[in-house]
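Under UniProt numbering, the residues of the sequence shown are numbered 1 to 922, in order.
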Amino acid sequence: MDHPFIVYLKNKTSLEFEYKRDISTVVRTENGYRITFNNGGSYNYGAEKVQYYSLVSRRESVHIYENGELNKKYNTVYNYGRYLIFRNGESCSSPIENNSNIEICDIEKNIGQTKSVINYFKEILKESGEVSFDIPSEETDSQSPNQISSDILLKALDGIDVLESGSALSNYINGINPALSIPKETLIYPFGCNTSQKLAVETTLRNSISIVEGPPGTGKTQTILNIIANLIVQNKTVAIVSNNNTAVFNVREKLEKYGYEMIVASLGNKDNKALFFDNIDEQTVNQDFKISEERLTKAMNEVRDLDSILMKCFEYRNKLATLKTKLSDAELEFNHIKAEQPLNQHIKFTLDKKFHRKWNFRKALNFKKLLSAINLENKLSIINKLRFVLQYGLFDLNSISQRSEELPVYVNHKFYELYIAKIKNEILDIENWLAANNEEANLKNFIETSKEVFNGVLFEKYNRLDKVAFNVKNYRNQFDDFTKRYPVILSSTLSLHTSTPKGYLFDYLIIDESSQVDIIKSAVCFSCCRNVVVVGDSMQLTHIIDKQSKEAAERFRIDYNISPAYDYVKQNILNSLKSLYRDKVKSVLLKEHYRCHPAIIGFCNKKYYNNQLVIMTYTDNHPFRIIETNISGGKGNYNQRQIDETDFYIRKNYAADYTKVGVVTPYRDHAVLLQKLLPSGAEADTIHKFQGREKDVIIFNTVKNKIGTFIDNPNLINVAVSRAVKEFIVVKPASMDLPHGTNIGDLIRYICYITDPAETIIKGSICSVFDLLYKEYNKAFIKFILSKKNVKGSAAELIIDKLLSENVLLNNTQFSSIDMVREYRLRDLIQDFQLFSEDEIGFIRNNSRIDFLLYNKIDKSPVLAIEVDGVSFHDKELQQQRDSKKNHILKTIGLPLLRLSTDGHSEEKRIIESLSVAMGLR
1 MDHPFIVYLK NKTSLEFEYK RDISTVVRTE NGYRITFNNG GSYNYGAEKV QYYSLVSRRE
61 SVHIYENGEL NKKYNTVYNY GRYLIFRNGE SCSSPIENNS NIEICDIEKN IGQTKSVINY
121 FKEILKESGE VSFDIPSEET DSQSPNQISS DILLKALDGI DVLESGSALS NYINGINPAL
181 SIPKETLIYP FGCNTSQKLA VETTLRNSIS IVEGPPGTGK TQTILNIIAN LIVQNKTVAI
241 VSNNNTAVFN VREKLEKYGY EMIVASLGNK DNKALFFDNI DEQTVNQDFK ISEERLTKAM
301 NEVRDLDSIL MKCFEYRNKL ATLKTKLSDA ELEFNHIKAE QPLNQHIKFT LDKKFHRKWN
361 FRKALNFKKL LSAINLENKL SIINKLRFVL QYGLFDLNSI SQRSEELPVY VNHKFYELYI
421 AKIKNEILDI ENWLAANNEE ANLKNFIETS KEVFNGVLFE KYNRLDKVAF NVKNYRNQFD
481 DFTKRYPVIL SSTLSLHTST PKGYLFDYLI IDESSQVDII KSAVCFSCCR NVVVVGDSMQ
541 LTHIIDKQSK EAAERFRIDY NISPAYDYVK QNILNSLKSL YRDKVKSVLL KEHYRCHPAI
601 IGFCNKKYYN NQLVIMTYTD NHPFRIIETN ISGGKGNYNQ RQIDETDFYI RKNYAADYTK
661 VGVVTPYRDH AVLLQKLLPS GAEADTIHKF QGREKDVIIF NTVKNKIGTF IDNPNLINVA
721 VSRAVKEFIV VKPASMDLPH GTNIGDLIRY ICYITDPAET IIKGSICSVF DLLYKEYNKA
781 FIKFILSKKN VKGSAAELII DKLLSENVLL NNTQFSSIDM VREYRLRDLI QDFQLFSEDE
841 IGFIRNNSRI DFLLYNKIDK SPVLAIEVDG VSFHDKELQQ QRDSKKNHIL KTIGLPLLRL
901 STDGHSEEKR IIESLSVAMG LR
């Protein structure tokens, strides 16, 4: 039955308009309306006494949410524009004003996928009876903590309405991610921000499901706080959950610190609820928060204006930090090259005077390219003489030829000097720009004005609320009123469902430390909200699953034909979303790092984050130490000698304050023994337990003598290193092998590389690869070789270049620590010429080069040389003699060599095999 209109008539006494249910027809007249009632009576009404609304639309088979709570009574909505009427058969509601607090969602039509995934989760829990979650054992005498967790999740999964289409769970299972309308309100940042954090806030408020990747020290909590502030300004609710209480308590502590404790309800398990309601106070807001409506509008406009100004400041601030990192890296490389290619200052002074044109670092690279193409001891062509004279002002060519041995070293030194000077000038320019544009003052004003807006909104919000007495028994029955007072709900992932009335949907759910949250607990939380923000770091540790659960999960995954994105064993919720949505989910990486010593986070940045982090910390002190034990260790998962050495070192160096020291280890047994021995205040635990925490000093015990899969897990090492703020110390056996490409091996190489070479680097027969110099030289060389149409072998070399850069090194994760340079001089690899004959020394000094040199980008040590042999000229006797010399030289210094012939085949396979052997992977 259609209901084509609704009518309100003005009451003669109260003069208020009242809804009339008993009207059968309405006819428009010249002066108003002719209205007929169900009893047959008809009357004329003036237009001013009637409010008439015609039917706009009708939606059947829907779920209706009012202030987040499901209205179970009705399943059809009649839309009359200003008003809605809910119906179910003959039953209907009174007209309800149509506003943003009402949400209409179609009932899920395709429920097969939803049922399969939920049943898959339930079967895992029933079979294993286990779930990786800590629960206080005192809550029960008859069941294990994990059994309780499993039962809670099973009950929650049983209660999920598979017809529900309005929750984030429906979107997640169906693989859809609807975009949200752009918020009308001006976005505020009362807790401070930077470029990445601003982008993260904007992204989360515009997408139903979004990801915020927060590497260590990049301000994840600060970002969460700003998201909370903007949701409250938009009159929305948010639940914040994590697998561990530390993460959500950190959010609460920060809000309390800034005076916003009134907005937070810490729920979760039984003890947390009891603690919250036992200490609940009447919600009051600081009277200083009050501002006039006029001032609130003006403050919002000021925030909007400052926003555009600060974006340029943030851009320059990030560029400044990047330049400072480049400067540090360049100075470090220059120190190495000065140690391994020393240049007499008198010779440098003499050569400086020979050049009569101004140099820059690019000219130095071009000069290096020119030197690689000629032999100064031979007669120069007219063209090359002109190049020396016109481009470099070098007129005394005879005296230069007498310095043919020192000149390449001089050019290398010149490059670094000029490159470093260029960076310093750029740094100075940016610092001057930031000072001239009042960056600090503008940022401070931006934050303070954002706070003013937030405070003003809070004052108005709480000033309008009626007093309600909540307790642990009644708050669910009044949850709409409860969330008006406490729009921020904190809980564990396990307990959110038990803290929320059935059918209630939060506007937003934020999952913190999401790499440790499995997809079963996540799915239950998703069923309680409309939109989701997943905050975490895919390079941190993931959830742990016992063997029994793994076996059950694999069996049921096959039985239910479950997509890899919902694989309980392989996917945490962060990786699940990435696998499911790929480029359809918006993901923001928080890049600006503020916590660790730059050298400490520098390792993580190079090894795990592809140099994407912008390091904002600056200090000159040395943060690393390596303690090598002379005993390898025991047979179990502990190492008594490392325990003793660690205890001795702590007592000797940190007696003034043991609390700043944390000791991390891969193994629980080792951590327990450390806890018994270490002085009071010093903490020891597994690396898994230390995730999300920090200490000024972190001491890492490897325990084992050999690098194995478990202790060399990249996520494990990343977490261990990034816990350290000021110092990081490794305790390991002296006999530990350090294969290329391993995480621990690269960590030790990095530590040795960035320290004073005279003190920490063991001199061998192979020098470092000077990454920066040859990277820049490569650009010049490729441009040069492409300009020459008849360079022998150039086509083959460019093919191998493409194969290495775009296939081998890019697509094989085991080679993530390997990089390459081209046309690398043999001379730059040789430390001790006494190892070679006079003939070989002459060959080395005569600009002999390696076509491709693959090296470890952590410590720049060479790993594999590759030569591309053209058939047309490699059959010649002279070339064979040269190849033989090069083979012997590389063998003498211990550098593996792979030769690729232009008439060969399976080049990619051969490169992968040779590189794997050279790295010790095979």
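Every residue gets a Cβ at the ideal spot worked out from N, C-alpha and C, and that includes glycine.
Between the Cα of residue i and the Cα atoms of the options, which residue gives the shortest distance?
| i | options | result |
| --- | --- | --- |
| Asp151 | Arg464, Val524 and Lys12 | Val524 |
| Glu727 | Leu738, Ile643 and Pro598 | Pro598 |
| Arg59 | Ile85, Ala47 and Tyr43 | Ile85 |
| residue 945 | Leu810, Leu890, Phe690 and Lys802 | Because the chain spans 1 through 922 in this model, residue 945 falls outside it and cannot be assessed. |
| Lys184 | Asn235, Asn360 and Phe276 | Asn235 |
| Thr195 | Gly219, Asp657 and Ser42 | Gly219 |
| Leu332 | Ala796, Ile911, Lys115 and Lys860 | Lys860 |
| Gly32 | Glu48, Phe17, Asp22 and Ile23 | Glu48 |
| Tyr824 | Asn807, Leu613, Leu835 and Glu867 | Glu867 |
Per DSSP, what kind of secondary structure is residue i in: helix, strand or coil?
| i | result |
| --- | --- |
| Met300 | helix |
| Thr36 | strand |
| Asn807 | helix |
| Ala247 | helix |
| Ser381 | coil |
| Thr629 | strand |
| Val524 | helix |
| Leu169 | helix |
| Glu452 | helix |
| Lys726 | strand |
| His593 | strand |
| Ile347 | helix |
| Asn101 | coil |
| Arg342 | One detail in the question is off: residue 342 reads as Pro in this sequence, not Arg. In this structure, Pro342 counts as coil in the three-state DSSP scheme. |
| Phe17 | strand |
What does the Cβ neighbour count give for residue i, buried or exposed, with the cut at 16 atoms within 10 Å?
| i | result |
| --- | --- |
| His3 | exposed |
| residue 934 | Only positions 1 to 922 of the chain appear in this structure, which leaves residue 934 out of reach. |
| Leu365 | buried |
| Ser543 | Per the sequence presented here, residue 543 reads as His, with Ser not at that position. Answer is buried; the Cβ neighbour count reaches 16. |
| Tyr410 | buried |
| Leu428 | exposed |
| Met262 | buried |
| Ile188 | buried |
| Ala656 | exposed |
| Gly214 | buried |
| Ala421 | exposed |
| Tyr667 | buried |
| Ile452 | A small correction: the amino acid at residue 452 is Glu; Ile does not occupy that position in the sequence shown. It is buried - the Cβ of Glu452 has at least 16 other Cβ atoms within 10 Å. |
| Gln642 | buried |
| Asn230 | buried |
| Ser906 | exposed |
Who are the near neighbours of residue i in its chain, counting only those whose CB is closer than 7 Å to its CB and skipping five residues on each side?
| i | result |
| --- | --- |
| Gln345 | none |
| Phe833 | Ile841 |
| Thr25 | Thr36 |
| Cys767 | Here the model assigns Cys767 a pLDDT of 48, short of 50, so the residue's position is not dependable and the matter cannot be decided. |
Skipping 5 residues on each side, what residues in its chain have a beta carbon closer than 6 Å to that of residue i?
| i | result |
| --- | --- |
| Ala758 | Its pLDDT being 46, under 50, Ala758 is placed unreliably in this model, and the coordinates cannot settle the point. |
| His740 | Asn856, Val863 and Met919 |
| Pro216 | Ser722 |
| Tyr120 | Phe556, Tyr560 and Ile562 |
How about residue i: is its Cβ closer than 7 Å to a heavy atom in the ligand MN?
| i | result |
| --- | --- |
| Asn610 | Because no ligand of any kind appears in the structure shown, any question about the ligand MN cannot be addressed here. |
Can you find the residues in the same chain that come closer than 8 Å, C-beta to C-beta, to residue i, ignoring five residues on each side of it along the sequence?
| i | result |
| --- | --- |
| Lys547 | none |
Tell me, please, whether the stretch 578-585 touches the stretch 684-703 by the rule of three or more beta-carbon pairs shorter than 8 Å. no
Quick check: the stretch 109-127 against the stretch 450-470, are there 3 or more CB pairs under 8 Å? No: the two stretches stay apart, fewer than three of their Cβ pairs being nearer than 8 Å.
Assess contact between the stretch 707-727 and the stretch 598-611, defined as three or more Cβ pairs (one per stretch) separated by less than 8 Å. Is contact present? Counting C-beta pairs closer than 8 Å gives three or more between the stretch 707-727 and the stretch 598-611, which meets the contact rule.
Should the stretch 477-490 be regarded as contacting the stretch 59-76, the criterion being three or more beta carbon pairs within less than 8 Å? Using a C-beta cut-off of 8 Å, the stretch 477-490 makes contact with the stretch 59-76, since at least three inter-stretch Cβ pairs fall below that distance.
Taking 8 Å as the cut-off, does the stretch 162-180 touch the stretch 281-300 (at least 3 CB pairs, one atom from each stretch)? no
Between the stretch 485-498 and the stretch 530-545, do three or more beta carbon pairs fall short of 8 Å? no
Per the contact definition of three or more C-beta pairs closer than 8 Å, is the stretch 289-305 in contact with the stretch 392-407? no
I want to know whether the stretch 315-324 touches the stretch 376-391 - three or more CB-CB distances under 8 Å. no
Pairing CB atoms from the stretch 250-260 with CB atoms from the stretch 201-215, are three or more of them under 8 Å? no
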